[in-house]
Each structure stands twice: as C-alpha cells, then as structure tokens.
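Line order of the protein sequences matches chains F and G.
For the first sequence, position 190 matches number 189 in numbering that gives the first Met the number 0, and the numbering has no gaps at all.
For the second sequence, position 232 matches number 231 in numbering that gives the first Met the number 0, and the numbering has no gaps at all.
Each residue gets a CB set at the ideal place from its N, CA and C atoms; glycine is no exception.
Report on the structure given below.
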Amino acid sequence: MNIFADSAGPLLSALGTTIMMAVIAGVAAIVLGTIVTAARISPIPVLRGIAFVYVQFFVNVPLLVLLILAVFALPDAGLLLPLTPTAIIVLALYEAAYVAEAIRSGVNTVGTGQIEASRALGFTLVQTLRLVVVPQALRAAVQPIGNVMIALTMNTALAAAIGVVELTSEANKLNLVQAQPILIFSVAGLVYMALALIIGLSAGRIEKRVAIKR
Amino acid sequence: MPSTRKTLTRGIPLLAITVTAALAFSACSSDSSAVPTSNPTSSASNALSSVYSNAAVASAADLIPDSTMAKIKARGKLIVAEALDAPLLSQQDPSNPDNVEGFDADLAKLLAIYILGTPSVEIIPPASETREALLQNGTVDVVFNTYTITTERDAQVDFAGPYLQSGLAVAVKSDNTSIQSVSDLGGKTVIVGANTPAVTAVPEQQPTAKVVSFATDPEAVLALTQGRGDAYVQDFTLLASDAASNKAIKVVGQPFTTESYGIGLKNNDTQFKSFINAWLTKIEASGDWAKVWNATLGSAVTSSTPTPPAIGSVPGS
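Laid out in structure tokens, this is it:
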C-alpha cells in the first residue's frame with residue numbers, strides 16, 4: 000500500500016474537503032428543506048407555489064448541470080465566487096429539495112385531528128407548525144433525511160468536475176501517476192462506503208433517541 | 000373552453016407519438032449502428048483519402064497464428080480506446096457521429112487498414128483514469144489517447160512507439176503581460192485539464208502554484224477568460240488551436256516539458272508490440288505519418304512538420 004502512504008497528506012486533506020462539504024451543505028440543506036416544507040404546507044398560495052416550483056426545479060435538473068451553470072454562467076452575470084463555496088451552495092440548494100420531500104412525507108404522518116385540535120386551542124399558523132407539526136414530522140423523517148445525507152455525500156464527488164480538490168479528484172490525480180485505477184478507485188469507494196455507513200448508523204441512533212414512546 | 004382543453008389534452012399523446020416516431024425514423028436513417036465506426040469515405044478531410052487508399056497492409060506472414068493481430072483479423076475490427084472530444088486529436092463530428100477525425104483517430108484507422116485491409120475501427124471512449132483497466136481486462140486492443148509513456152504506467156501496460164512528441168505550454172489572457180513563461184507561475188493560480196500531464200508537471204516546476212483542474216478543454220479556456228486562474232497549462236498544440244479560435248487568450252513562451260505519447264497495449268504482449276512498432280516505422284518512412292500530422296495537428300500551428308520520435312527512445316517504451 001505504498002502508493003497511498005506516499006501521498007497520505009494530500010489524500011487526507013482531500014478527504015477533509017469532502018467531509019467539510021458534506022457537513023456544511025448537509026446542515027444548510029436540512030434547514031432550508033424544513034423552511035421549504037413549511038412553505039409547501041402553509042395556507043398561503045404564493046408560498047405554496049414558490050415551494051412547489053423550487054422542489055420541482057431542483058429535483059428535475061441534474062446536479063452536474065447545476066454545478067457547471069453555477070461555475071461558468073454566474074461569472075458572466077458578474078458574480079465570481081471561489082469554486083468550493085460555489086459547490087457547497089449548489090449542493091445545499093439541490094439537496095434541500097430532497098430534504099423537503101422527505102420532511103413532507105413526515106408531515107403526512109401527523110394526523111389531521113392534531114392540526115384541527117391546535118387550531119381549536121387558538122394556536123397561530125406558526126405555532127401549529129413549530130409546536131405540533133414539524134417536531135413530529137422531523138422525527139418520522141430521520142431515516143429518509145439520513146438517506147438524503149448519504150446521497151449528498153456521494154454527490155460531493157461531482158465537484159471534482161468543476162475543479163474542487165476533494166476525494167475523487169485526488170484519487171484521479173494519484174491514478175494519473177500510479178496508473179492503478181482498480182486499486183485506487185476501490186479504496187476511494189471503500190472510504191465513501193465508510194462515510195455512508197457512519198451517516199446511516201447515526202441516523203438509526205438519532206431515530207431511536209428522538210422517537211416518541213407511545 | 001372545457002371542450003377545447005379536452006381536445007388539447009387528447010391531442011398531446013398523439014403529438015408525442017408522432018414526434019417520437021419521427022425522431023426514431025430520422026435516427027435510423029442517419030445512423031445504422033449504435034457504435035461510432037470510422038468511415039474514411041465520409042470523411043470531411045479528403046486530403047487523407049489518398050493516404051487511406053494507398054496505406055500499407057501487413058503481409059500474411061506478419062500475422063503470426065494465435066497472435067493478438069491474428070485474433071483482430073479474425074474478428075474483423077480493431078477495438079480502440081480513443082477520445083471523442085479532443086480537437087485535432089480525436090474529435091467526433093457532431094453532425095455525423097460516424098466520422099471521428101484527428102491525429103490519433105486517423106492513425107488508428109491506418110493501423111486497422113494495416114491489420115484488416117479496411118479501416119474498421121470500433122471506438123470505446125476511455126476516461127483517462129480507466130485506460131490501464133481497459134487494456135488489462137481486454138476490452139480494447141490498443142489505446143490511442145495522448146497516452147504519455149511513463150515507467151509507472153509501463154509496469155501496468157506496454158507501450159509501442161512513441162509515435163508523437165509534444166510538450167506543455169502556458170496560455171494567459173491576451174491582456175496579461177506579467178506572465179511570460181512557466182517561470183512566472185510561482186504563487187499563481189494555474190488551470191489545468193483534469194487527468195492531463197499538467198496536473199503533475201505544474202507542481203514539479205512551480206511548487207507554490209495553486210492548481211485548479213477542469214474536466215474539459217473548453218471549460219478550462221472559459222475558466223481562464225472568466226478569471227478563475229492566471230494561466231492555463233496544456234499541450235502546446237491544443238493551446239495553439241484554442242488561441243487561434245479565441246482572441247481572448249494567447250500562448251506565451253515555449254513548451255517546457257517533453258511528453259512522449261505511446262500506443263497503449265496489453266502488458267507483456269511482445270509480439271503485438273513489435274508488430275505495431277514495425278507498422279509505425281513503415282508509415283513514418285512512407286510519409287503517411289507526416290501527411291496525417293499536416294492534416295490534423297499541423298493545421299493549428301505554423302511550424303513545419305516535425306520528425307517523428309525514434310521508436311523506443313524513452314524509458315518505458
């Protein structure tokens with residue numbers, strides 16, 4: 000395993016970039032996705048419409064297309080952001096649409112009776128959402144959100160195409176010198192698998208911990 | 000209104016079927032096979048048609064029984080790993096997908112003629128990161144893919160040639176006067192093509208330079224003109240062709256490395272390697288090599304036709 004030891008430094012820093020992108024984009028996607036879901040189920044038609052269009056747009060446009068557009072089209076509009084922040088923003092916006100759909104499926108588990116009850120008790124819309132609907136919806140959506148986070152982590156690899164030096168890009172570079180694609184990409188695949196396993200297991204534990212005992 | 004809407008919705012599936020059918024028919028008529036096969040008769044560069052019709056063909060004695068070349072002959076086509084998106088080297092014609100042209104593509108056709116008598120080439124576009132695997136598992140017979148010969152790669156595959164020598168050069172925006180050559184790149188942001196020799200060559204020359212890689216040449220050129228980097232390091236010939244078509248960038252200085260490109264072959268197939276080296280010697284002596292160079296790479300640069308590199312002249316070949 001000499002070839003990995005020799006370039007351990009760049010590989011670890013590339014892995015750090017991958018994890019950093021996944022964590023920042025993941026947190027942002029969960030926050031944004033929750034807001035989008037709240038808009039999606041709100042009684043205000045304009046908000047519902049905007050949230051619907053947002054989700055449809057990001058679910059139906061490939062991530063690579065979005066990344067390339069953000070990197071090469073925004074500078075023509077006068078906005079030149081560094082590559083890594085661009086990739087993180089696009090990833091967060093894209094995965095937020097999937098998070099929103101996951102939470103919406105959670106919302107559907109909250110009985111209509113509870114919402115009627117909260118209105119009968121005089122809760123405002125925000126109170127109903129904040130105190131009744133969202134806490135239960137998020138609990139039900141922990142595993143689906145975990146799956147979205149795994150997908151997000153895998154999707155960070157696409158940032159290699161726009162010049163971000165993350166794990167896939169560094170594996171490419173190493174292979175260019177060492178010419179051992181099967182070995183190098185198998186190891187990179189195992190690292191991604193380990194990341195996915197960590198996210199999946201954590202999601203399972205969080206789900207157990209936040210579950211409401213009935 | 001309701002009746003109109005109903006008619007409209009009823010019309011949509013019908014329209015969809017018509018469009019699909021029309022697309023399917025047009026696809027059938029223009030492209031009989033899904034795999035791009037090279038056909039020099041439809042080639043736009045008629046300059047090379049005489050080269051094809053007079054190209055050397057191996058004698059029956061050269062096709063040693065049970066050798067790789069005899070198997071290719073029996074199969075009736077040469078399976079080549081070559082790009083479809085490399086201008087001047089191996090570029091697929093978007094309006095005629097069967098037509099793949101460029102230095103690598105045309106040499107691959109000549110090799111097919113040498114073995115088979117016809118330019119019957121099946122192209123498998125490789126990613127730079129999968130060339131060794133494609134050769135090792137026998138998916139392709141040869142790799143024509145600006146495949147730089149290195150000793151590390153030679154441990155995994157065999158190289159015939161080198162058949163072309165080139166070098167990396169520096170391009171900058173036309174209004175940039177501070178960068179004159181590779182020695183001015185210290186501390187600068189340098190754009191390179193992902194999986195090109197520049198990825199490793201730039202840090203070797205300028206350890207303080209920050210390297211940003213983009214997947215394709217057009218992306219890298221766009222990134223340079225948009226100011227994502229101070230310079231773009233790429234193969235000299237490719238840069239010359241970029242600069243010729245795009246006034247926003249210019250090439251500065253001379254090539255600062257020597258890249259020797261080889262034809263990738265399965266490891267330890269010495270019969271096939273000496274067979275291909277013999278073919279290279281023949282086309283270089285007959286002038287076919289120079290004709291192909293002039294029609295492809297030579298069209299982008301003003302310099303005269305170079306002398307082909309001596310076969311086996313670099314470590315690993």
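Using CA atoms only, rank isn't needed, just tell me which of the options is closest to residue i.
i              : options                        : result
G262 (chain F) : F:T36, F:L194, F:I67           : The requested residue 262 (chain F) is not part of the displayed model; chain F covers only 0 to 213.
Q283 (chain F) : G:G311, G:T117, G:I275, G:E128 : Here chain F comprises residues numbered 0 to 213, so residue 283 (chain F) is not present and cannot be evaluated.
N137 (chain F) : F:K207, F:L92, F:A7, F:F51     : Going by the sequence as given, residue 137 (chain F) is Leu instead of Asn. Among F:K207, F:L92, F:A7, F:F51, the Cα nearest to that of L137 (chain F) is on F:K207.
V313 (chain G) : G:T147, G:R227, G:A239, G:P125 : G:T147
A158 (chain F) : F:L82, F:V133, F:P143          : F:L82
F51 (chain F)  : F:G110, F:T167, F:Y97, F:V163  : F:Y97
D183 (chain G) : G:K209, G:L83, G:I310          : G:K209
L167 (chain G) : G:G185, G:V211, G:D157, G:L238 : G:L238
F56 (chain F)  : F:A95, F:I67, F:N1             : F:A95
P305 (chain G) : G:G192, G:N144, G:V291         : G:V291
E100 (chain G) : G:Q90, G:A107, G:K108, G:L106  : G:Q90
A150 (chain F) : F:G48, F:I43, F:M192, F:A69    : F:M192
V50 (chain G)  : G:T117, G:A60, G:N276, G:A170  : G:T117
S316 (chain G) : G:A289, G:E283, G:I275         : G:I275
M153 (chain F) : F:A202, F:L14, F:P9            : F:L14
I63 (chain G)  : G:A230, G:Q270, G:S303         : G:Q270
A7 (chain F)   : F:P143, F:A170, F:L189, F:I181 : F:A170
T108 (chain F) : F:L80, F:I18, F:F122, F:P134   : F:P134
D287 (chain G) : G:L110, G:E218, G:D174, G:T149 : G:L110
Taking its Cβ as the centre, do 16 or more other Cβ atoms sit within 10 Å of residue i, making it buried, or is it exposed?
i              : result
G25 (chain F)  : buried
R39 (chain F)  : buried
N98 (chain G)  : buried
N267 (chain G) : exposed
A210 (chain F) : exposed
S52 (chain G)  : exposed
P61 (chain F)  : exposed
S168 (chain F) : buried
F3 (chain F)   : exposed
D216 (chain G) : buried
S212 (chain G) : buried
T67 (chain G)  : buried
V35 (chain F)  : buried
L106 (chain G) : buried
V106 (chain F) : buried
L11 (chain F)  : exposed
Q205 (chain G) : buried
L79 (chain F)  : exposed
E115 (chain F) : exposed
Residues in the same chain with beta-carbon distance under 7 angstroms from residue i, minus the five sequence neighbours each way, listed in chain order, please.
i              : result
S185 (chain F) : none
T236 (chain G) : L87, S165, L296, A299, V300
A86 (chain F)  : M20, L66, A158, I161, V163
K281 (chain G) : A55
N174 (chain F) : P180, I183
Once the 5 residues before and after residue i are set aside, which same chain residues still bring their CB inside 6 angstroms of it?
i              : result
Q155 (chain G) : E131
D241 (chain G) : V220
P205 (chain F) : For clarity, residue 205 (chain F) is Ile in the given sequence; the question names Pro instead. Around I205 (chain F): V141.
A37 (chain F)  : L128
L163 (chain G) : Y260
K265 (chain G) : L134
A200 (chain G) : L167, T256
D234 (chain G) : S165
D92 (chain G)  : N98
What does residue i touch in chain F if you count any residue whose Cβ is under 8 angstroms from its own?
i              : result
F235 (chain G) : Neighbours of F235 (chain G) on chain F: none; closest Cβ ~19 angstroms, over 8 angstroms.
For residue i, which residues in the same chain have their Cβ closer than 8 angstroms to its Cβ, ignoring the five residues on either side in sequence?
i              : result
S117 (chain F) : Q126, T127, L130, V131
T217 (chain F) : With chain F running from 0 to 213 in the structure shown, residue 217 (chain F) is simply not present.
L115 (chain G) : I71, K72, G75, K76, L77
L196 (chain F) : none
V139 (chain G) : I78, V79, A80, I123, P125, L133
I112 (chain G) : Y51, A54, A55, V56, P118
Are any of the Cβ atoms in chain C nearer than 8 angstroms to that of residue i?
i              : result
T199 (chain G) : No chain C is present in this structure, whose protein chains are F and G.
Run down chain G in chain order and give the residues with a C-beta less than 7 angstroms from the C-beta of residue i.
i              : result
A76 (chain F)  : Those do not exist, as A76 (chain F) stays about 11 angstroms from chain G at its closest Cβ, beyond 7 angstroms.
A178 (chain F) : E131, E151, R152, Q155
G162 (chain F) : V211, S212, F213
Going along chain F, which residues have a C-beta under 9 angstroms from residue i?
i              : result
G128 (chain G) : Looking at the sequence shown, residue 128 (chain G) is not Gly but Glu. The answer, in chain order, is A170, N171, N174, L175, P180, I183, F184.
Identify the contact partners of residue i in chain G, using a Cβ-Cβ distance below 8 angstroms as the criterion.
i             : result
F71 (chain F) : E218, L221, A222, Q225
L79 (chain F) : Q225, G226, R227
L82 (chain F) : V211, R227
Taking any Cβ of chain F, which residues in the region 181-197 of chain G have a Cβ under 7 angstroms from it, in chain order?
A193, N194
Which residues of the region 219-248 of chain G have a Cβ closer than 7 angstroms to any Cβ of chain F? Give them in chain order.
L221, Q225, G226
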